[in-house]
Each structure stands twice: as structure tokens, then as C-alpha cells.
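One structure is given below, encoded as C-alpha cells.
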Ligand SMILES: C[C@H]1O[C@H](OP(=O)(O)OP(=O)(O)OC[C@H]2O[C@@H](n3cnc4c(=O)[nH]c(N)nc43)[C@H](O)[C@@H]2O)[C@@H](O)[C@@H](O)C1=O
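Numbering (the UniProt record's numbering), first residue to last: 1 to 173.
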């Protein structure tokens, strides 16, 4: 796993402007393939800062990972060390697309939901786009429950960081 200090996420924020920590929801079933136990992981936002490190960790542990990322703030560059790994599958798409969400959850026994618009500056600069992403978590969790296969779900959701109403009004006018 590459050192955390060696990578820069798609959009860096100054340290003082970093977002607050995420909260997490968790739900695992191990898959047995020819007697070897491994997990089939689905990772939304897997090309992001946290997601790419997680992908590297899981692949190094012998798991498989399917990454669904719209590459809005993430980058394939973050995954350059594992792009050729036989255990990784990449799907470019948004979590707002139920079909895309279902396609990566199918067959997964663990879901890591890391896709989100995070960062104070990003949200302040484009609050409406950020808000439109919130239903994505519902799409993902709905699709996961409907699939009925995933026994372990880790969902990270960004804190609700909103600018003052008058700031939003100025931005959209
Ligand atoms: C501490 C650390 O904390 C944060 O790291 P992070 O939480 O990993 O955030 P990120 O932006 O690197 O990853 C989010 C991923 O999510 C993808 N993404 C978004 N929206 C959809 C979406 O709607 N669909 C899909 N499929 N992917 C999406 C997006 O393309 C990206 O790949 C950063 O503030 C970072 O700067 C930092 O310092």
C-alpha cells in the first residue's frame, strides 16, 4: 500500500479547509473460491483519496474490488498502482444511476460507500451539485438491500456543510 503522503487527491484543499470526518455505517460474508477465502468488494468512490488506498489494501489482502466512480473529484491516477491488478474492475458512472449501482453490487459481499462530494470549498463553490448527490446514498443502500447479497456495508457520508443562504443565493443568481 502506497504511503498516504505520496498521493494527492483530485482536488486538494488547504489543511485548514479540510472537511470534517465522515461518519460510517457498517454491515460480511466471506466468499470461498476453491477453498480460498476472499471478499468481493464493491467500492463506490474507489478512485478517490480514501477509496484508492482502500482498494490497494483490499487487493493486497487477496480480495477483489469493483470500483464505481464518476471521476468527479477522484482520478484513475490514484489507482495507477493497481490498475493492472487482476482483482480490480473499474466502472465509470454515478451512484445516482440505479443500474450502475446495481451492476457493481451484484456479486459483492461487502460494500464500501465512499462516493460523495466532500470538502468545504467544493460544496461552497457548487452547493447545488453537492446537494444533488445526497440521494445517491439512498440509491446505493436501496440497491444493496434489493440485491440481498451484501452482508457488510460501510457507508461514509460527508458532513452536511452548507454555506449561508445568502451565499448560495449569490452563487446561483
Ligand atoms: C482526508 C481526505 O478526505 C477526502 O477524501 P475522500 O473522502 O476520499 O474524497 P474524494 O473526493 O477523494 O473521493 C470521493 C470519490 O467519490 C467520487 N464520487 C463523487 N460523487 C460521486 C458519484 O455521484 N458517483 C460515483 N460513482 N462516484 C462519485 C469522486 O470522483 C471521488 O473519487 C478529501 O476531502 C481529500 O481531499 C482528503 O484530504
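Even glycine gets a Cβ: it sits at the ideal position worked out from N, Cα and C.
Taken from the Cβ of residue 128, every heavy atom of ligand 1 lies 8 Å or farther away. When only Cα atoms are considered, residue 123 and residue 63 end up about 34 Å apart. Residue pairing by DSSP leaves residue 39 without any beta bridge partner. Secondary structure note for residue 66: its beta strand (DSSP E) is the uninterrupted segment 64 to 69. Under the three-state reduction of DSSP, residue 105 is assigned to helix. Between the C-alpha atoms of residue 114 and residue 84 there is a straight-line separation of about 22 Å. Between residue 102 and the set 137, 73, 56, 125, the nearest pair of CA atoms involves 137. Pairwise C-beta distances place the stretch 139 to 148 out of contact with the stretch 74 to 89, as fewer than three of them are shorter than 8 Å.
The beta-bridge partner set that DSSP reports for residue 78 is empty. Beta-bridge pairing by DSSP links residue 56 to no other residue. Distances taken from the Cβ of residue 41 to the heavy atoms of ligand 1 include none shorter than 8 Å. Relative to ligand 1, residue 49 has its C-beta within less than 8 Å of a heavy atom. When only Cα atoms are considered, residue 105 and residue 131 end up about 24 Å apart.
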